[in-house]
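Engineer:
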Amino acid sequence: MANHCNDFFINVGINMAKKIPHTDKIISNFVSKSSMFLSPVIRTELINHINLLKNDSAPGLDGITAKSIKLIHPHILQPLLHIINLIFQTGIVPKQFKTTIVCPIHKNGKKDDINNYRPISLINNFGKIFEKCLKARLLQFLKDNNILSQNQYGFVGEVSTTDAMYELVKQVTESLNLGKRSVAVFLDLAKAFDTVSHEEMLNVLEMYGVRGVVRELFKSYLSERIQVVKIRDTYSDSKNIKIGVPQGTVIGPILFISYINSLLTLDINGTIISYADDTVLLFSGNCWDEVREKVKLGLHKVKRWLDSNKLTLNLSKTNYIAFSITSSNRPDFTDIAVDTFQDTIKEVSNTKYLGIIIDKYLRWDCHVLRLKNNIRKLMHRFYLLREILSKKLLISIYKALVESLIRYGIVVWGGLSDSSLRQLNVIQNTILKIIYKKEKRYRTELLYDSIVFNTRSLYVLNSCVYVYKNEKMKKYIGHMHNTRSKIKQNLQIPISYKKVNQKFIGYLGPKMYNMLPIEIRNTSKVIQFVQKCKAYIFEKNTDFLKLFK
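In our numbering, the protein residues as written are 3 to 551.
#1: Mind checking E541: buried by the 16 CB within 10 Å criterion, or exposed?
#2: Grouping DSSP H, G and I as helix and E and B as strand, with all else coil, what is F531?
#3: So, at 8 Å on beta carbons, what are the nonlocal neighbours of N543 in its own chain, with the 5 sequence-adjacent residues on each side left out?
#4: Less than 6 Å between C-beta atoms, sequence neighbours within five positions excluded: which residues of the same chain meet that for L63?
#5: Whose C-alpha, out of A138, P106, I94, is nearest the C-alpha of S238?
#6: List in chain order: all unbroken alpha helix (DSSP H) runs of 4+ residues lying wholly within the region 142-207.
#7: With burial defined as no fewer than 16 other Cβ atoms inside 10 Å of the residue's Cβ, what is the status of K393: buried or exposed?
#8: Helix, strand or coil for Y400? Go by DSSP, reduced to three states.
#9: Using 8 Å for Cβ pairs, my map puts R388 next to L396. What's the rounded Cβ distance?
#10: Between the Cα of S419 and the Cα atoms of N117, A60, V370, which residue gives the shortest distance?
#11: Pull up the DSSP beta-bridge partners for N110, would you.
#12: To the nearest angstrom, report how far apart N13 and K312 are at their CA atoms.
#13: Below 8 Å CB to CB, which residues in the same chain sit around S222 once its five sequence neighbours on both sides are set aside?
#14: Nearest to G411 by alpha carbon, out of L356, Q494, I399?
#15: Looking at the strands, I want to know which residues DSSP matches up with R120.
#16: For H75, which residues of its own chain have a beta-carbon under 6 Å away from its beta-carbon, when the five flanking residues on both sides are left out?
#17: Let's test the definition: count the other Cβ atoms within 10 Å of the Cβ of Q91 and tell me whether it reaches 16, buried, or not, exposed.
#18: For the beta strand (DSSP E) containing K501, list its first residue and its last residue.
#19: Bridge partners of E349, per DSSP?
#20: Measuring CB to CB, does G300 end up less than 8 Å from N321?
#21: Taking 7 Å as the cut-off, does the CB of K500 come closer than this to any heavy atom belonging to the ligand ZN?
#22: Going by beta carbon distance, what residues of the same chain come within less than 8 Å of N464, once the five residues before and after it are set aside?
#23: Compare the beta carbon distance of M38 and V212 with 8 Å and say whether it is the shorter of the two.
#24: Report back the beta-carbon spacing between I433 and F384 to the nearest angstrom; my notes put them in contact at under 8 Å.
#25: Quick check: M3 and I233, are their CB atoms within less than 8 Å of each other?
#26: Taking the alpha-carbon positions, what's the M482 to K474 distance?
#27: How big is the Cα-Cα spacing for Y444 and Y538?
#28: What residue from D291, R183, A278 has the CA that sits closest to F335's CA?
#29: Hey, out of S421, L423, V454, whose CA is closest to K435's CA?
#30: Mapping DSSP to helix, strand and coil, what is S601?
#31: Suppose you measure from the CA of N556 to the CA of N117; what does that come to, to the nearest Å?
#32: Just to confirm, is the Cβ distance from S526 to Y509 under 8 Å?
#33: Taking DSSP as the reference, what is the three-state secondary structure of D309?
#34: Beta carbon of V293, beta carbon of V171: below 8 Å?
#35: Have a look at S487 and I520 and give me their C-alpha separation to the nearest angstrom.
#36: When you compare the region 41-58 with the region 148-156, are there three or more beta-carbon pairs, one atom per stretch, that lie closer than 8 Å?
Here you go:
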């Protein structure tokens, strides 16, 4: 069984790459004038990477745990430092750092079908430390030379899935606000990491400035990688990985976003937004026929790029949403042709993107319903836990299991109407009544304090923090002649013609931020800003609620 799984996982990328039609390579004209240099690793940097290893992470083939490394690190620091710097100098990566254990985890469907298993890759902890040192230098080089597209939100450190979702919804609401038609195409790339050619990957890196010894290092890192599959206590024979970006590593995702970087620069008469391989195409126009033509031409260019770079577009799972404000203003087509009339993508009323369910009217009802159902499943746990744990521990668990679900992406969807939010409020109130052992008729406003917020207050808090951290949203009224002044003026409120735009953070965010006292807005540290914000929002909760009436 282990050998069968290993053969499948090793060859899945090769078999998929063979099915991709041959297309002339789309060559980018970009060539970086800078060349990457690997600065030596120092002791403090290495200690920091060791301390950040997760104690509960599984070890690699050598069986050495992160906890063990942390315990003995004063004794091995010098030789480990020497080894990593030697790799940087010679461009040779030890085979022990390139050996991966794969544990097949069942996803869904029949358990006797290997296609229904996800390969979870484990590398040894010394390899992780080396990769973290290399990742920091590669990312810094890419950023310093402005190589990565600003529309790539995956694995680059300072942005997140929330930023990708924000940009998507921002562009859609702006189009609807101006009376335009808008379509988002959600691409499904099949096994994207598995079909990347090592040779092409090295060519892309060289184009971006990874040359000389550093290129040889990445060549060594990608070549002669060994994989074994573990099922219970049984290991398969070892196999060489000949294709694909290494998975289960911190370098793999950075290599992948570098590989698809030129995709995001394609001129498709629209916008491409990506979080690693989760990619969406945005198009807008004055009428639906204009938008459809833009989608057809844009998809044609994207598919050609994917084919030429040995990436597979799964058309059966690729779909699109045509956004509108009312049901009377819908397109008269339900699919769009791709390349030929034989291949089409279908329209859907809603789809999941980066964990958020987006619907064609941007009402967020489907997402709220899914949230409510997921939280409802936790109710029985709190009934059990309240009998054995203190209220303080229960609140900590509530924040980890319930509030974390509500907070995810809330700055994007949380401006919805009170009626749409009601069902989520009910289940949130129910969970807290279970924790506090209160009867059903207990006043809901007494369940919340400056520590536990309801959904609407969580939206206000997270939105204010998002505006505080996002300089692009801070467009001040008038011109500040004294640029050294610490006093921040009020933010401009964007002009809004449609209600759908007035429920988005792009419009509500500056309004809520302006309601904060100047002394809070002038806070220099994020942690202090959050603390002051919490206290003020709890105190002035009714004032903020008026914005949603």
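Where a beta carbon is used, it is the ideal one built from N, C-alpha and C, also for glycine.
Structural biologist: According to the structure shown:
#1: By 1-based counting over the sequence shown, the position of residue 541 is 539. Exposed, since its Cβ has fewer than 16 Cβ neighbours within 10 Å.
#2: Along the sequence shown, read from residue 1 onward, the residue named residue 531 stands at position 529. Note: F531 maps to helix in three-state DSSP.
#3: Within the sequence shown, the letter at position 541 stands for residue 543. Excluding residues within five positions, the ones whose Cβ falls inside 8 Å are S459.
#4: For this step, residue 63 is matched to residue 61 along the sequence shown. For L63, where only same-chain residues beyond five positions count, the Cβ hits under 6 Å are T101, I103.
#5: Within the sequence shown, numbered from 1, the residue matching residue 238 stands at position 236. Cα-wise, what sits closest to S238 is P106.
#6: 163-179
#7: As a working mapping, residue 393 is identified with position 391 in the sequence shown. K393 comes out exposed.
#8: Position 398 of the sequence shown, counting from 1, holds the residue named residue 400. Helix.
#9: On the sequence shown, residue 388 is found 386 positions in, with the first residue counted as 1. On the sequence shown, residue 396 is found 394 positions in, with the first residue counted as 1. About 6 Å; that satisfies the 8 Å criterion.
#10: On the sequence shown, position 417 is the one that residue 419 refers to. Of the listed residues, the one whose Cα sits closest to S419 is V370.
#11: Numbered from 1 along the sequence shown, position 108 holds the residue referred to as residue 110. Paired residues: none, contrary to the question.
#12: For this step, residue 13 is matched to residue 11 along the sequence shown. For this step, residue 312 is matched to residue 310 along the sequence shown. C-alpha separation (whole angstroms): 15 Å.
#13: Position 220 of the sequence shown, counting from 1, holds the residue named residue 222. Same-chain partners within the cutoff: G93, I94, V95.
#14: Here residue 411 is taken as the residue at index 409 of the sequence shown, counted from 1. Among L356, Q494, I399, the Cα nearest to that of G411 is on L356.
#15: Walking along the sequence shown from the start, residue 120 turns up at place 118. Beta-bridge pairing links R120 to I107.
#16: Residue mapping note: residue 75 aligns to position 73 of the sequence shown, counting from 1. Excluding positions up to five away in sequence, the list reads I52.
#17: As a first step, residue 91 must be located in the sequence shown, where it is residue number 89. Exposed.
#18: The sequence position of residue 501 within the sequence shown is 499, counting from 1. Per DSSP, K501 belongs to no beta strand (DSSP E); it is in the alpha helix (DSSP H), 501-504.
#19: Taking the sequence shown and counting its residues from 1, the one referred to as residue 349 is at position 347. Paired residue(s): Y322.
#20: For this step, residue 300 is matched to residue 298 along the sequence shown. For this step, residue 321 is matched to residue 319 along the sequence shown. Going by C-beta atoms, G300 is not nearer than 8 Å to N321.
#21: As far as ligands go, the structure on display features none, and thus does not contain the ligand ZN.
#22: On the sequence shown, residue 464 is found 462 positions in, with the first residue counted as 1. Counting only Cβ-Cβ distances below 8 Å, and skipping sequence neighbours, we find R409, I412, V413, G416.
#23: Counting from 1 along the sequence shown, the entry for residue 38 is found at position 36. Counting from 1 along the sequence shown, the entry for residue 212 is found at position 210. Taking 8 Å as the cut-off, the Cβ atoms of M38 and V212 count as close.
#24: Position 431 of the sequence shown, counted from the start, is the residue given in the question as residue 433. Position 382 of the sequence shown, counted from the start, is the residue given in the question as residue 384. The pair is a contact, with the Cβ atoms about 6 Å apart (cut-off 8 Å).
#25: As a position in the sequence shown, residue 3 is number 1, starting the count at 1. As a position in the sequence shown, residue 233 is number 231, starting the count at 1. In this structure, I233 lies closer than 8 Å to M3 by Cβ.
#26: Walking along the sequence shown from the start, residue 482 turns up at place 480. Walking along the sequence shown from the start, residue 474 turns up at place 472. The pLDDT assigned to M482 is 49, lower than 50, so where the model puts this residue is not dependable; a value taken from the coordinates is nonetheless given after this. Distance from the CA of M482 to the CA of K474, rounded to the nearest whole angstrom, comes to 16 Å.
#27: Within the sequence shown, residue 444 is the residue found at index 442, counting from 1. Within the sequence shown, residue 538 is the residue found at index 536, counting from 1. Going by the C-alpha atoms only, they are around 25 Å apart.
#28: Translated into positions along the sequence shown, residue 335 becomes position 333. Among D291, R183, A278, the Cα nearest to that of F335 belongs to D291.
#29: Here residue 435 corresponds to residue number 433 of the sequence shown, with the count starting at 1. When each option's Cα is compared against that of K435, the closest is V454.
#30: The first residue shown for the chain is 3 and the last is 551, placing residue 601 beyond what the model contains.
#31: The shown model of the chain, from 3 to 551, leaves out residue 556, and the question about it has no answer.
#32: Walking along the sequence shown from the start, residue 526 turns up at place 524. Walking along the sequence shown from the start, residue 509 turns up at place 507. No. Outside cutoff.
#33: Locating residue 309 in the sequence shown gives position 307, counting from the first residue. The DSSP-derived three-state label of D309 is helix.
#34: Position 291 of the sequence shown, counted from the first residue, corresponds to residue 293. Position 169 of the sequence shown, counted from the first residue, corresponds to residue 171. No, the Cβ-Cβ distance between V293 and V171 is not below 8 Å.
#35: Looking up residue 487 in the sequence shown gives position 485. Looking up residue 520 in the sequence shown gives position 518. Reliability fails at S487, whose pLDDT of 47 lies under 50, so the model's placement of it is uncertain and the value that follows must be treated cautiously. Taking the straight line from one Cα to the other gives about 13 Å.
#36: no
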